Amino acid sequence: MKIGGSYTLPVARERAYEVLQDPEVLARCMPGTDHLAKIGPDEYEMKMKMVISAVQGLFAGKVRIADQKPPEQFRLLVEGSGKVGFLKGDGLLTLVSSEASTEVRYEGEVQVGGVIAGVGQRLLDTTAKLVIRKFFEKLTEFVGEASQPAAG
Amino acid sequence: MISQNFEYSAPNNLNEALALLAGGNAKVLAGGMSLIPLMKLRLAAPDHLVDLSRVADLKSIREEAGSIRIGAMTTHWEIESSPLLRAKSPLLAVAASNIGDVQVRNMGTIGGSIAHADPAADYPASLLALEAKVRIVSAKGERTLGIVEFLVDALTTALDPGEIVREIIVPVEAAGTGVSYQKMVQPASGFAIVGAAARVQKSGGKVSLVRVGMTGLAGKAFRATGVENLLAGTGGTAADVQKAAAVVADGIDANADLHASAAYRRQMAKVYTARALTQALSRAS
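First to last, the protein sequences are chains X and R.
When the letters of the first sequence are read in order and numbered with our numbering, they come out as residues 8 to 159.
When the letters of the second sequence are read in order and numbered with our numbering, they come out as residues 315 to 599.
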C-alpha cells in the first residue's frame, strides 16, 4: 500500500528536522507508543499499543533512520509485528521551508500482513491516514508548547 | 470461537448499565455485528462486556415535538420497517434497508453502528443529510451533539469512556421533501464503496433546501456543502445536478483499497451523488 501526503509544522526547517528525529518527541507523539529506546546509531526499538475503535494490538518493532540530508530529507524504515499481524514500511520525508513554517512531505510504501490485513483490508488505508494525522497533530501541539516562553 | 475470557454483564435498566460503564474499562455490546467478529478474530479482547440488549429504554422509535427519536438499541430492521419513519422521515429507513444482509439488519443497531463509526457505514450519510442529533448519556449526566461533532474521524467518535449513545434525533420532514440514498455496494462485505444521501425541498420551481451526505469516500462521512451550495436556488435541472455533483470530491483525501482506488472512488462519488440528487428531486414537490 502506498501512502503519501504532507503536513505543515509551525516551526523553521532546522527545528522540524530536529524534532522529527528526536526519539523522546517521537515517543510522545506517536499514538500508543509506550517504549522507545536507542539500540544503535540511528536505530531504535519500540513498543506500541494501538487502540482503534474496538481493535487493539500490541506491536514490537524497530525504527531506523537512513539517508540523512539535514535539514531537508531522510528516510524512515519501520518494522513491527504483533499477534494481530505485521507491518513493514519505508518512507521518505522531505522538508520544505515556507516562511516561518515547514511543510513535511512524506511518501512511501507500507506492507501489512497477518490477520489484520486479511480481514481489515478495507480499513487499512483509512487507518494509516488516521495514525499519521494524529501523529502530526500531536507533533504540532508539542512544537507549539515547546516554543512558548517558560512561565514566570 | 472467542478465545479469551471476559466478564459479561447484562443490566436490566439504563442506570445499572451506566454504573457498570462508569469505570471506563468495560466495552459496550450492542448488536455485536462488528464487535463479536473482531473478538472471534482475536483483534479485540475486552476484559468486560456490558450487553445493552435488555435495556428496554433504549429500544423505541417515537415522535416528539417535530422530531423523531430513535433509541440506540433499535435494530436496522426496526428502522427499515417503521411505519412512523417511512411516513415522516423516510431517509433513515431507506439507509437502514441498505445495510449488510437480513441477518445483520435483525441484530445490528443504529447506536452500535454510529458508535463504531466505520468510514463506509450507511447511516452517517443520511444522518448528515438530516442534520441529526445524537443524545449521549453517562453516569455523570447527558449531552446532545450534532452528528458532525459526533463523528470525529475514522472509527472515532466524540464519545468519552463511560458514555453511550442514548438516542438519535431526526426531523419530521416537511411535506414535499424528496429523499434518496444511492450506494455503490461492495458485494462481499455489503459496505459502501461510496454512498450518497440527498434531501431536497422545492419552492416556486427552485431548489429551496438541499442536503447531501457522503459515506465511503473519505476517512469519515461528511456533508458535501460544495454540492449543496451549487444546487441551492437553481431550477434543479439535469445540468444543474451534474454541475453540482461534479464537485463532491473536491479537496477530499479519498480512500483506497483492493476494491476501489482513490481516483475511482472520486469518480463514483460524483455519479452516485448525481443519482441521489436526481431521485430526490423527482420525489420532491
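Built from N, CA and C at the ideal position, the CB exists for glycine as well.
Owing to the predicted nature of the structure, the values given are computational and were not obtained by experimental measurement.
Counted as a single uninterrupted DSSP element, the stretch harbouring Leu43/X is not any alpha helix (DSSP H) but the beta strand (DSSP E) occupying residues Thr40 to Gly47. Within chain X, the residues placing a beta-carbon under 8 Å from that of Phe505/R are Arg129, ordered along the chain. For Ser88/X, the uninterrupted beta strand (DSSP E) run begins and ends at Gln80 to Gly89, by DSSP. Judged by their CB atoms, Val526/R and Ala546/R are not nearer to each other than the 8 Å cut-off. By the neighbour-count criterion, in which 16 or more other beta carbons inside 10 Å mark a residue as buried, Leu572/R falls on the exposed side. Residue-level contact by beta carbon holds for Lys90/X and chain R, with a gap shorter than 8 Å. Cβ contact annotation for Pro475/R (same chain, cutoff 7 Å, sequence separation greater than five): Gly338, in chain order. Using a Cβ-Cβ cut-off of 8 Å, Ile139/X does not count as an interface residue toward chain R, since no Cβ of chain R sits closer than that to its own.
About 6 Å separates the Cβ atoms of Ala598/R and Thr491/R, confirming a contact at the 8 Å cut-off. Taking every protein chain shown into account, the CB of Ala532/R has 16 or more other CB atoms within 10 angstroms, so this residue is buried. For Ala124/X, not one C-beta of chain R is nearer than 8 Å to its own C-beta. With fewer than 16 other Cβ atoms inside 10 Å of its own Cβ, Met315/R counts as exposed. Excluding five sequence positions before and after Pro30/X, the CB atoms of its chain that fall closer than 7 Å to its own CB belong to Leu43, Lys45 and Tyr51, given in chain order.
When Cβ pairs closer than 8 Å are counted between the two stretches, the region 381-401 of chain R is seen not to touch the region 349-364 of chain R, the count staying below three. For Ser395/R, not one C-beta of chain X is nearer than 8 Å to its own C-beta. With a contact defined as Cβ atoms closer than 8 Å, Thr587/R and Ala538/R qualify at about 7 Å. The beta-carbon distance between Ala19/X and Ala107/X, rounded to whole angstroms, is 7 Å. This is short enough to meet the 8 Å contact definition. A direct Cα-Cα distance of roughly 7 Å separates Leu33/X from Leu27/X. A contact is defined here as three or more CB-CB pairs under 8 Å, and the region 9-16 of chain X meets this definition with respect to the region 104-124 of chain X. In this structure, Leu405/R places its C-beta atom within 8 Å of the C-beta atom of Val493/R. Judged by DSSP in its simplified three-state form, Thr458/R adopts strand. For Lys69/X, the closest Cβ of chain R is not nearer than 8 Å.
Interface annotation, Ser13/X: not in contact with chain R, CB-CB separation never under 8 Å.
For Arg368/R, the three-state secondary structure derived from DSSP is coil.
Your pair Met421/R and Gly345/R checks out as a contact, with CB atoms roughly 4 Å apart and the cut at 8 Å.
Along the region 40-53 of chain X, there is no position whose C-beta sits under 7 Å from a C-beta of chain R. By the neighbour-count criterion, in which 16 or more other beta carbons inside 10 Å mark a residue as buried, Ala379/R falls on the exposed side.
For Glu148/X, the uninterrupted alpha helix (DSSP H) segment begins and ends at Val122 to Ala153. For Ser108/X, no CB of chain R lies under 8 Å from its own CB, so it is not counted at the interface with that chain.
Residue burial annotation: Asn412/R is buried, with at least 16 other C-beta atoms found within 10 angstroms of its C-beta. Of all residues in the region 339-362 of chain R, those with a C-beta nearer than 9 Å to a C-beta of chain X are Lys341, Ser348, Leu349, Pro351, Leu352, Met353, Leu355, Arg356, Leu357, Ala358, Ala359 and Pro360, reading in chain order. When Cβ-Cβ separations below 8 Å define contact, Asn569/R makes contact with chain X. For Tyr24/X, the closest of Lys56/X, Thr40/X, Arg82/X and Gly39/X by C-alpha to C-alpha distance is Arg82/X.
Annotated as proximal: Gln80/X and Leu99/X, with beta-carbon spacing under 8 Å. For the options Val521/R, Tyr578/R, Asn569/R and Gln581/R, the alpha carbon positioned closest to that of Val555/R is the one of Val521/R.
It is roughly 14 Å from the alpha-carbon of Ser517/R to the alpha-carbon of Thr551/R.
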